[in-house]
Every structure is written in structure tokens, then in C-alpha cells.
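Just so we're aligned, residue 906 is where the sequence shown starts under the numbering used here, counting upward by one. A short worksheet on the structure shown next.
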Amino acid sequence: MSLEQDADFEPINGVSDRSKVLGLTVLTALSRVSNSFRQIVLFLFVVFMFSSSGINTDAFYGLIVAIAGYVQAFALFPAGTISDKRGRGVAILIGGVISGIALIMMPFAYDTITILVLYAITGIGSGFTMTSIKTLVADYTERGEERTRSYGITMAVATLAAVIGPLLGGFILDPIAFPGINPEMLRYSIIFYIWGGLRIVTGIVGLFTERWLQKNIPKKIEPEPIEIEEKPQNGSDAKNDTITSFLFGVSRLIMGFSSGMVVPYIIPWIEAAFNPSEVVLGSLPALSNVTLALGALFVGLASERLGKVKTITSLYILAPLLTIGMVYTPFLWMVVFYVARQMVANMAQPANDSLFMGEVSQTRRGRSLALTRVMWTFPRQTGTLLTSFLLGIGFLGTTYQFGIVIFPIAMLLYPISVIPMYLAVRRNRKLNTTGD
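So this is what it looks like as C-alpha cells:
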């Protein structure tokens, strides 16, 4: 039953259910665009700054990403608590302002320590922002088809909008495509100002979006908020929420370590293997975002009927197979496999988010999501840090040789990561049936 069909959730001031989804979609898209520059800009910035200094730029780039991820993990619990107690919008605003200011300061950093510190600060902002936006979507959608569909729509549009970052970044950085801007640092300054400014705007929009939702789409007031989810009373128990979050967190832990060893290094691997221009390099993640948007929309609309766990499992089985194709084929075929790998590895997110939000109680969503994010972030950054170390010591030779061997092996953990998630869902179904 949609919100418009339920008299207890009747929108006021003429605001429709469609307007609600539109507002959440705009916020999610703005956040995704403000994050999308990182896909190529940060790596190219590191190469520009330190390629002539004898530093292994691939390894240092991985170190930057890992440190920011660890900082983000430490910020997630306070971010979740503030989100639950002070409001999702306040947390989004804090995150946007902190990360935006740090990014604007990046062009003024001329040594490794300053760059490490500034980009680590952006991790604090990301921790506040991503947790609260996902939770905000869950707060104003009903468990089941509406929530899965809403996650699918918001992610699809946001992913499509994220084409802007790598395309614009590659265009501005390419002296042939965009001539007449010198010195080169000015190009990076323009991008970091745009990047940081969008983060700050995301924070402001997040605050106003929550205020707008609170004013126009009031929640159903009940003594037990979990009844909105139409789950038995035992589902709202803090112990069950903790166990559910932990099992989902173990799933994220396994996948996070795998992702950390592969995802941050795909663009450096492509650059090492094929040395494309900045515009071509930026067009690859942009192209993958287009297909990912379509895939996310499909999952958001169809996974409720197909079965969310089955959908996630099928996609994660395909991920390592496509990774093998990516690292063992010529450039054009590599592009095909890269785009397909990026799509299947990420398009399960709407089903994943909806599944998790439906398994925990509403009053603890921020903290529960924070727990799973911590259990994702620490191993992901550990995987990134391990790869940075291995590249730094020349394990298996070059970045290109490393990727050919390690990327497919690491991706085998993706299908394994579904097991704890399945156990959590099965446990909750059993509790709901027995009433224990």
C-alpha cells in the first residue's frame, strides 16, 4: 500500500508520494556527484604531485584512500548517534561542511603529510553524510516494495548523475581537450573548488530536505515505531538488532576486504596497462555509471519479486568472472568487462540496503547502519592498505602484473560474503515465526 493510499500517512500541503521520492532522489544524486570526482581526480593529482619525487604514486594513492577510510570508520558511530538524536539533516550538514572545506584546501597542500591529513578529514564528512542519507530514505518509505523501489530509483538517478564527476574532471585536466589553462595546478584547483563546493551544497540541501519532509510528510505516531515495519515485537529488541547488524556487518567485512584490494586500484591499473588520455580515463567510470544506473533501477523494481537475497547472490557470483575477463583482454574488450564488472558488483545495493533496513528497527537504524559501515570500512581500508604495501615493495612486479594475478582472486570473496547476510535473514524469519 502506498503512502497516498493510507489515510494515516496522507500527505499534507498537496505533497505527493512522488514529490517525496523526487526530493530524496535529488539529495542522493547531489551527494553522489560530489563524490564522483574522486574516481580519477585524486589518483591523477597524486601522480602530478609526486611522480618526479621517487614516490611510488600507486602505493601512496592507496595509502591516502585507506587513511581516509579509517577516519571515516571512527566517525561512523558518532555520526549515527547524532543522526538518530539530532536529525538526519543536521548530520548531513556537518558532513558536507567538513569534507567540503578540506577538499577546497587540497590545492594548497604541497607535501605528503598535509595531503594525507586533508583527505583524511574528508573521511569524517563522508561518514556523516552517507549514513544519514540512506537512513533518511528508509525513514520515509515503507518496508518492502516501496523502500526497495525508492532505493533503486534514488541510486539509479544518482549513479547517472555521477557521470558528471569523472567526465568533467578528465575534461578539465586534459590540456588537449581543454587548452589554455596554465599552470597545471590551476586545473586541479578548479576541480577541487567544484568538488568541495558541491559537498557543502549537499550538506545544506540535506538539512532542508529533512525539514521539508518533516513538515509535509509526517510519520505515523505509534507507541512502538517498529510496528510501522509490520514486524513482531521481538524484532524491535535491541539484542536482535545488534545480532542482525553484526551478521550483515560480517557480510560487509568479507566484501569490504575484497573491494579494498581491487576497486581503488582499477583506474591506476588501467592507466598502467593502457596509458589512456585523461578524457578517455574519465570516460570509463562515466560509462560504467550509465550502465550501473540502469542496473540499479532494475534491481530496485524487480528484486522484491525475484527475491533480494537471490538477486544479490547472482550478481556477486558474476563479479569475479567479469574481473577475469577485464584483466586478460585487449583495451576494447577490457572496457566491456570493466563496465559489466562495475555494474554487477554495485547494482545490488538497492536490494542490499532495503533488505537491511527492513531487518532492524526504525529507532536504531542510524546506529545499526553505522555498525555495518564500520565493519565494512575497516577491512576495506585494510585491503587497500595491504595492496598499497604490496605495490610499494614491488610484489609480483608492476601494478599491471599485480592486478592480473590478485584482482580475480580477491573478487572471489564477493559470493562468499552473502552467507552471513542469508543467516541473518533466516534467523529473523525463524524468530518471527516462533515468537521467541
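The beta carbon of each residue, even a glycine, is placed where N, CA and C say it ideally should be. Remember, predicted model here, so these are calculated numbers, not experimental data.
Residue range of the alpha helix (DSSP H) that includes residue i
| i | result |
| --- | --- |
| Leu1023 | 1017 to 1044 |
| Tyr1170 | No alpha helix (DSSP H) holds Tyr1170; DSSP gives it neither H nor E. |
| Ile960 | First-last for Ile960: undefined, no H or E at that position. |
| Tyr1093 | 1089 to 1121 |
| Thr1304 | 1304 to 1316 |
| Pro1012 | That residue, Pro1012, is in no alpha helix (DSSP H); it is neither H nor E in DSSP. |
| Phe1342 | No information on residue 1342 is available, as it lies outside the stretch 906 to 1341 that the chain covers here. |
| Val1068 | Taken as a continuous stretch (DSSP letters only), Val1068 belongs to no alpha helix (DSSP H), as it is neither H nor E. |
| Ile945 | 943 to 955 |
| Gly1263 | 1254 to 1264 |
Proximity of residue i and residue j at Cβ, strictly below 8 Å
| i | j | result |
| --- | --- | --- |
| Val1214 | Tyr1327 | yes |
| Gly1200 | Met1160 | no |
| Val1204 | Met1316 | no |
| Ala1191 | Pro1071 | yes |
| Thr1036 | Thr1107 | no |
| Ile1370 | Phe948 | As shown, the chain starts at 906 and ends at 1341. That puts residue 1370 outside it, with no answer to give. |
| Gly1308 | Trp1174 | yes |
| Gly1288 | Ser1163 | yes |
Residue i, DSSP secondary structure in three states
| i | result |
| --- | --- |
| Ile1081 | coil |
| Pro1181 | coil |
| Val1323 | helix |
| Gly1299 | coil |
| Tyr1221 | helix |
| Gly985 | helix |
| Ile1086 | coil |
| Tyr1233 | coil |
| Gly1001 | helix |
| Gly992 | coil |
| Gly1212 | coil |
| Asn1333 | helix |
Pick from the options that is closest to residue i, judged by C-alpha positions
| i | options | result |
| --- | --- | --- |
| Thr1292 | Phe953, Leu1197, Gly1057, Ile1311 | Ile1311 |
| Ala980 | Leu949, Leu932, Thr1027 | Thr1027 |
| Arg1054 | Val926, Pro1190, Ala1025, Ala1014 | Val926 |
| Gly928 | Gln1119, Ser1219, Met1010, Val951 | Gln1119 |
| Ile1239 | Gly1101, Glu1176, Phe1162 | With the sequence shown as reference, residue 1239 is identified as Met, and Ile is not the correct amino acid for it. Taking only the C-alpha atoms, the option nearest Met1239 is Glu1176. |
| Pro1344 | Pro1012, Val1244, Ala1007 | Past the edges of the chain, shown from 906 to 1341, lies residue 1344, and the structure says nothing about it. |
| Ile1372 | Thr930, Gly1005, Ala1329 | Any question about residue 1372 goes unanswered here, given that the chain covers just 906 to 1341. |
| Ala1061 | Leu932, Ser1273, Leu1227 | Leu932 |
| Phe1283 | Ala971, Ser939, Arg937 | Ala971 |
| Glu1068 | Gln1254, Ser936, Gly1263, Asp1146 | Just to set this straight, residue 1068 is Val in the shown sequence, not Glu. Looking at the Cα atoms, Ser936 is the closest of the given residues. |
| Leu1023 | Ile1029, Gly1030, Ala1007 | Ala1007 |
| Pro1325 | Ala964, Phe1261, Tyr1233, Trp1174 | Phe1261 |
| Tyr1243 | Pro1225, Pro1255, Ser1259 | Pro1225 |
| Arg1116 | Ile1081, Arg1092, Leu1041 | Leu1041 |
| Ile997 | Arg1285, Ile1105, Gln1306, Leu1152 | Ile1105 |
| Met1280 | Phe1307, Asp1079, Tyr975, Ala964 | Tyr975 |
| Ile960 | Phe1076, Phe1294, Gly1263 | Phe1294 |
Buried versus exposed, by CB contacts within 10 Å (16 or more), residue i
| i | result |
| --- | --- |
| Pro1084 | exposed |
| Lys1335 | exposed |
| Lys1144 | exposed |
| Thr1277 | buried |
| Tyr868 | The requested residue 868 is not part of the displayed model; the chain covers only 906 to 1341. |
| Ile1086 | exposed |
| Val1241 | exposed |
| Ile1020 | buried |
| Ile1039 | First, the amino acid is wrong: residue 1039 is Lys here, not Ile. Per the 10 Å Cβ criterion, buried. |
| Thr1146 | Contrary to the premise, residue 1146 reads as Asp rather than Thr in this sequence. Classification for Asp1146: buried. |
| Pro1237 | Before going on, a small fix: residue 1237 reads as Leu here, not Pro. Exposed, by the Cβ-count rule. |
| Ser1273 | buried |
| Asn1194 | buried |
| Gly1074 | buried |
| Ser958 | exposed |
| Lys1125 | Since pLDDT at Lys1125 reaches only 36, below the 50 mark, its modelled position is unreliable, and the value read off the structure follows with that caveat. Exposed. |
| Ile1257 | Contrary to the premise, residue 1257 reads as Asn rather than Ile in this sequence. Counting Cβ neighbours within 10 Å, Asn1257 comes out buried, since at least 16 surround it. |
| Val1233 | Correcting the residue type first, residue 1233 is Tyr in the shown sequence and not Val. Exposed, since its Cβ has fewer than 16 Cβ neighbours within 10 Å. |
| Arg1285 | buried |
heavy atom of the ligand MG below 7 Å from residue i C-beta
| i | result |
| --- | --- |
| Val938 | No copy of the ligand MG occurs in the structure displayed, which carries no ligand at all. |
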